[in-house]
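Single-structure report; data block below.
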Amino acid sequence: MTVKMKEEQQSAVSDTRERNSLNGGQMRAAVYRGSSVISLETVPIPKISGGEILVRVHACGVCGTDLKKIEYDLVPPPRIFGHEFAGTVVEAGSNVTRFQVGDRVATHHHIPCRKCFYCSKKLFSQCEFYRRTGTTAGFEPAGGGFAEYVRVMDWIVEEGTVLIPDDISFEEASFLEPLNTCLKALETAELEAGEVVVVYGQGPVGLLMTQAARCEGARVIGLDFFESRLAAARELGAEFVLHPERDDVRGVVARITEGRGADLAIVAAASPRAIEDAQGIVRRGGRVLLFAQTVPGEMVPIDASRICVEEKKLIGSYSASIELQEKAAYMIFERKINVARLISHRFPLELLPEGIHLASHPSEHSLKVVIQP
Ligand SMILES: [Zn+2]
Ligand SMILES: [Zn+2]
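Residue 718 is where the sequence shown starts when you use this note's numbering, and the numbers rise one by one after that.
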């Protein structure tokens, strides 16, 4: 991916910027302009209506789904991405009762209708209403966290916004939504305590998944090609950390499962080879869950007999569940999950392209990238 930076009418930075920009109605934002171009622009601060709040963004995680939308031009521009954000309420509409100016909050940017066919089946992320993004910094709503201010729409204020305890940092709170997606994946996979889980990829998402599976009482084997990520996985509770090329992964799995194979494999890496391998590593009747395959049209080899004859299940999970919001908040606010350990880099808004480049070209030294607008 080539992320180009285009600077336009950049506002002068001064100590009084915050007050001036609120008064003057202008803010800085990183606007996606198509063809992988991110442009730092001065745009209007969003206006809110009665049931809405305006949040000053303090931390916003760079998410793999944003990277793919930018890299593969998956959605039409212009948009301001960034949905994993936390910040302070600076304005509250006259009908808002749950929050007031000064509150520290994080949001889930999608909320289901709870009335449709899909909601009745608890397939919340397939609900049409759920797909509407409820936070925006302008243009077609796309999160908005890569800007100074975000407008949080009324249905997100009511059901998707969470108060952050005083002792939890904004960047820790920005993991609420990503952790929720991992908890939802484990629920979808019907993970049970004591099961053996292989997590392919120990990047920021894989490490969240490893910790969440540990909290559910699973025995976790973390796989990655980077030593630093294997070290993090060990530190964060993986029972075994293995390098797919150097270590005998099948041998280890066989040894701890009486030769059966893993109960569950989670593919948290965008690698077709990992999917193929995962199908071999789970036991008969086991499950393979795809978690990183979000680009439409990606074809992968699948041995169909493993599904038919060996009764292995191939499943997927996408986005968050409204029913897991409280659990995700509990796990982060009580520090059952160590999210601070996952942050490797922090960038100001001006350096978002650098952050995006780093997040899409992982190295020994990189994990989660957080933007501080
Ligand atoms: Zn995300
Ligand atoms: Zn629905």
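Ideal Cβ positions, reconstructed from N, Cα and C, are used throughout, including at glycine.
| Item | Value |
| --- | --- |
| Range covered by the alpha helix (DSSP H) that runs through residue 980 | Careful: residue 980 lies outside any alpha helix (DSSP H), inside the beta strand (DSSP E) at 979-984. |
| Run of the beta strand (DSSP E) containing residue 777, from where it starts to where it stops | 770-778 |
| Bridge partners - residue 1038, DSSP secondary structure assignment | Residue 1038 is not bridged to any residue. |
| Stretch-stretch touch, CB-based, cutoff 8 Å, three pairs: the stretch 951-969 with the stretch 880-895 | no |
| Outcome for residue 791 when other beta-carbon atoms lying within 10 angstroms are tallied against a minimum of 16 | exposed |
| In DSSP terms, what residue 761 is bridged to | 743 |
| Span separating the alpha-carbon of residue 1065 from that of residue 1072 | 9 Å |
| Any 3 or more C-beta pairs closer than 8 Å across the stretch 757-777 and the stretch 851-867 | yes |
| Per-residue DSSP class, three states only, for residue 732 | For residue 732, the predicted structure reports a pLDDT of 38, less than 50, and the residue's modelled location is therefore unreliable. A value from the coordinates is still provided. Of the three classes helix, strand and coil, the one that applies to residue 732 here is coil, per DSSP. |
| Same chain, Cβ closer than 7 Å to residue 974, five either side skipped, listed in chain order | 913, 1000 |
| Close Cβ partners of residue 1146 (< 7 Å) along its chain, the five nearest in sequence each way excluded | The chain is shown from 718 up to 1090; residue 1146 falls before or after that span and cannot be answered. |
| Residue 1065 (DSSP reduced to helix, strand or coil) | strand |
| Ligand 1 heavy atom lying under 8 Å from the CB of residue 980 | no |
| Beta-bridge partners of residue 1012, as assigned by DSSP | The partner list for residue 1012 (beta bridge, DSSP) is empty, contrary to what the question assumes. |
| Per-residue burial, residue 1014 [other beta carbons within 10 Å of its own, 16 or more giving buried] | exposed |
| Buried versus exposed, by CB contacts within 10 Å (16 or more), residue 745 | buried |
| Assigned exposure category for residue 858 - 16 Cβ within 10 Å defines buried | buried |
| heavy atom of ligand 2 below 8 Å from residue 829 C-beta | yes |
| Local conformation of residue 947 per DSSP, three classes | helix |
| Three-pair Cβ contact test at 8 Å for the stretch 841-854 versus the stretch 903-922 | no |
| Between the CA atoms of residue 991 and residue 725 - distance to the nearest angstrom | Residue confidence is low: residue 725 scores 48 on pLDDT, short of 50, so the model does not pin down where it sits. No coordinate-derived value is stated. |
| Cβ distance (whole Å) where residue 1021 is taken to contact residue 1005 below 8 Å | That belief does not hold up - the Cβ atoms of residue 1021 and residue 1005 are roughly 13 Å apart, past 8 Å. |
| Contact test: residue 898 Cβ vs ligand 1 heavy atom, cutoff 8 Å | yes |
| Residue 836: CB within 8 Å of a non-hydrogen atom of ligand 2 | yes |
| Meets three-Cβ-pair contact criterion under 8 Å: the stretch 782-790 and the stretch 805-821 | no |
| Proximal residues to residue 876 (C-beta, below 7 Å), its chain only, five neighbours per side dropped | 828, 1039 |
| Of the listed residues 1081, 1077, 1063, 1079, nearest to residue 1087 (C-alpha basis) | 1063 |
| Option in 1010, 994, 1002 with minimal Cα separation from residue 986 | 1010 |
| Buried or exposed by the 16-neighbour rule on C-beta atoms within 10 Å, applied to residue 1002 | exposed |
| Whole-angstrom distance between residue 908 and residue 993, CA atom to CA atom | 21 Å |
| Cα-Cα separation between residue 1061 and residue 1075, rounded to whole angstroms | 10 Å |
| The stretch 830-837 / the stretch 891-903 touching (three or more Cβ pairs under 8 Å) | no |
| Beta strand (DSSP E) segments (min. 3 residues) lying fully within the stretch 797-825 | 801-809, 821-824 |
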